[in-house]
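Peer 1: Mind the numbering: the sequence shown is residues 1 to 399 in UniProt numbering, read in order.
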Amino acid sequence: MLKQNKIVDKPRLSAESLSKVLIYYEPTLLQSIMSFSSVRDLLNNNPEILNAFCRTSGYSKQECLRILKSNSILIKAIQKGIENVVTFNTNQSDMTQLSVFNKLVYVSSDDQTLKVFDFNGTPVKKFIGHIGGIWTFDCSGNRVVTGSTDKTARIWDLDSEQTIVTLKYHRSTVRVLKIYGEYIITGSRDYTIAIWSVFGDLVYRLNGHRQSVRCLDVCDGYLASGSYDGYCKLWDYKRGKFIKDVHKHQDKIYCVRIYNDYVASSGFDSEVKISKIDGSSYKSYKVHSSVVGWMDFSDNFLVSSSLDGTVAKYNYISETVDFVIRLGCPIKGQRLTDTLIIIATVFDVRIYSLRTGKFIRTLITADLISKIEVVDWRIIVGYQQGGEYKISMFNYESL
């Protein structure tokens with residue numbers, strides 16, 4: 001016999017009481033929490049709470065409704081295929097990274113080039129100088145930093161397209177790099193991490209990994225690194241100090257993420273591990289059955305994708321799995337918006353609801369999907385079709 005649980009009504013906070021609570025918060029803080037999907041859902045479904053929020057946040061009711069409505073409009077437009085699409089060739093041999101900075105699309109390749117296009121698909125810049133493929137890059141202000149199989153990283157001037165300085169330290173491919181504040185951080189297949197000033201001075205050498213450094217993430221004073229040695233390490237990169245081993249995987253690590261007080265890592269052993277930085281919380285999930293190469297935090301959730309064709313959403317606060325999506329084909333990448341999960345498989349790009357996991361639409365199909373990126377109201381897809389590498393930009397901004 002099933003035991004029936006007693007249902008207890010949860011106490012409700014009235015709009016009047018909520019107003020008395022909210023009045024103690026700075027308007028800028030209240031405005032910032034509008035970025036959380038859970039907050040938007042609450043406001044959208046509770047008119048009294050919406051009014052209380054508007055009175056204290058500094059947002060007008062019209063502004064709150066505009067933000068709430070914009071997400072609804074975006075989903076409906078995607079469902080119906082109401083979009084402006086720009087497609088163009090990159091004229092590169094392949095595609096190693098695709099990113100957007102300041103309304104420009106950057107694409108790197110093993111053909112030793114980094115090309116830049118505007119949102120109309122017009123080529124505007126081209127960075128040439130490496131003698132090996134460019135596998136990673138990042139941008140900040142008027143500078144671009146690239147990492148290459150030629151064992152160097154380069155700092156470029158964005159306007160002149162010329163190398164400012166070549167960063168020489170690593171003895172193998174510069175696999176990953178990040179610009180964060182006043183620092184450039186490079187990770188290499190030579191097992192090391194280097195901390196540079198934005199002017200190109202080598203500040204610290206971080207040693208400790210015993211195999212290739214595959215991934216990095218930075219937040220405030222913390223650097224998380226993931227390696228093929230199976231260790232996720234935490235560093236104080238501003239002082240060049242090792243803090244601790246956060247996670248130990250049974251095989252290569254492919255992805256690390258830091259968000260607020262949490263660190264997540266995943267990799268070849270198909271596990272997703274999430275911990276608080278202070279060590280007070282730890283959870284390991286075995287939802288996937290193959291390499292977990294992509295993870296992203298959103299509010300109280302983490303979303304992971306695997307080569308086995310599954311996508312999982314976790315609530316890392318309650319330590320539960322919200323849902324698992326089974327696509328039935330290998331995954332090549334993922335991106336999140338406030339309301340959407342965008343998944344690149346080998347042959348197409350599919351869109352799902354971040355809240356429910358419900359399928360919304362297949363955006364594009366191709367011979368081979370390479371990369372995806374999302375910025376503002378644009379979804380950008382890099383792919384191979386008919387032997388050529390192309391980019392299609394799906395624009396919903398004018399809706």
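Glycine included, C-beta positions come from ideal geometry on N, C-alpha and C.
Work out the CA separation of Ser265 and Cys232 for me, nearest whole Å.
Peer 2: C-alpha separation (whole angstroms): 7 Å.
Peer 1: Taking only three categories from DSSP, how would you classify Asn51?
Peer 2: In the structure shown, Asn51 sits in a helix (DSSP, three-state: H, G or I).
Peer 1: DSSP beta-bridge partners for Met295?
Peer 2: The partner list for Met295 (beta bridge, DSSP) reads Ser304.
Peer 1: Let me confirm a value: Tyr282 is counted as buried when at least 16 other C-beta atoms fall within 10 Å, else exposed. Which label applies?
Peer 2: Looking at its Cβ environment, which holds fewer than 16 other Cβ atoms inside 10 Å, Tyr282 is exposed.
Peer 1: In angstroms, rounded to a whole number, what distance separates the CA positions of Ile193 and Asp229?
Peer 2: Rounded to whole angstroms, Ile193 to Asp229 spans 14 Å at the Cα level.
Peer 1: Taking all protein chains shown into account, do 16 or more other C-beta atoms lie within 10 angstroms of the C-beta of Gln250, making it buried, or fewer, making it exposed?
Peer 2: Exposed, because fewer than 16 other Cβ atoms sit within 10 Å of the Cβ of Gln250.
Peer 1: When we look at the beta-carbon of Val124 and count the other beta-carbons within 10 Å, is it buried (16 or more) or exposed?
Peer 2: So Val124 ends up on the exposed side.
Peer 1: Rounded to whole angstroms, how far is the Cβ of Ile274 from the Cβ of Val303, which I believe are closer than 8 Å?
Peer 2: Ile274 to Val303, Cβ: 12 Å. No contact.
Peer 1: Cα separation between Asp138 and Glu161?
Peer 2: In a straight line, the C-alpha of Asp138 is about 15 Å away from that of Glu161.
Peer 1: Only counting the same chain, and skipping five residues up and downstream in sequence, which positions put a Cβ closer than 7 Å to that of Gly333?
Peer 2: Around Gly333: Trp294, Ala344, Lys371, Ile372.
Peer 1: Taking the beta strand (DSSP E) that Gly333 belongs to, which residues open and close that run?
Peer 2: Residues 331 to 336.
Peer 1: Taking contact to mean at least 3 C-beta pairs separated by less than 8 Å, is the stretch 111 to 126 in contact with the stretch 381 to 388?
Peer 2: At 8 Å Cβ cutoff, the stretches do not touch.
Peer 1: Can you confirm whether Phe137, when its beta carbon is compared against all beta carbons of chain B, has any partner nearer than 8 Å?
Peer 2: Any reference to chain B falls outside this structure, which holds one protein chain only.
Peer 1: So, Tyr237 versus His209, is the Cβ gap smaller than 8 Å?
Peer 2: Taking 8 Å as the Cβ cut-off, Tyr237 and His209 do not qualify as a contacting pair.
Peer 1: I need the straight-line Cα distance from Ile110 to Ser318, nearest angstrom please.
Peer 2: A small correction: the amino acid at residue 110 is Asp; Ile does not occupy that position in the sequence shown. Rounded to the nearest angstrom, the two C-alpha atoms are 43 Å apart.
Peer 1: In angstroms, rounded to a whole number, what distance separates the CA positions of Leu336 and Trp235?
Peer 2: Leu336 and Trp235: Cα-Cα distance of roughly 27 Å.
Peer 1: Could you tell me which residues DSSP pairs with Asn84 in its beta bridges?
Peer 2: Beta-bridge pairing links Asn84 to Asn395.
Peer 1: On a CA-only basis, which of Leu368, Ala77, Leu307, Thr339 is nearest Gly328? Give me that one, please.
Peer 2: Selected option, being the one with the closest Cα: Leu307.
Peer 1: For Arg326, does the count of other Cβ atoms within 10 angstroms reach 16, so buried, or fall short, so exposed?
Peer 2: Exposed, because fewer than 16 other Cβ atoms sit within 10 Å of the Cβ of Arg326.
Peer 1: Going by beta-carbon coordinates alone, are Asp299 and Lys276 separated by less than 8 Å?
Peer 2: No, these two residues do not count as a Cβ contact at 8 Å.
Peer 1: Which of the three DSSP states, helix, strand or coil, is assigned to Ser99?
Peer 2: If DSSP states are grouped into helix, strand and coil, Ser99 belongs with the strands.
Peer 1: Between Thr186 and Arg257, what straight-line distance do the alpha-carbon atoms span, to the nearest angstrom?
Peer 2: The alpha-carbon atoms of Thr186 and Arg257 are separated by roughly 16 Å.
Peer 1: Rounded to whole angstroms, how far is the Cβ of Ile195 from the Cβ of Tyr183, which I believe are closer than 8 Å?
Peer 2: Contact flag correct, Cβ pair sits at about 6 Å.
Peer 1: Please state if the CB of Val86 and the CB of Asn120 are separated by a distance shorter than 8 Å.
Peer 2: Yes, Cβ-Cβ distance for Asn120 and Val86 is below 8 Å.
Peer 1: Would you call Phe242 buried or exposed, if buried means 16 or more other Cβ atoms sit within 10 Å of its Cβ?
Peer 2: Label assigned to Phe242: exposed.
Peer 1: Are the Cβ atoms of Glu83 and Asn395 separated by less than 8 Å?
Peer 2: Contact: yes.
Peer 1: Under 8 Å, do Ile155 and Leu167 count as touching if we go by C-beta distance?
Peer 2: Cβ distance < 8 Å, so Ile155 and Leu167 count as in contact.
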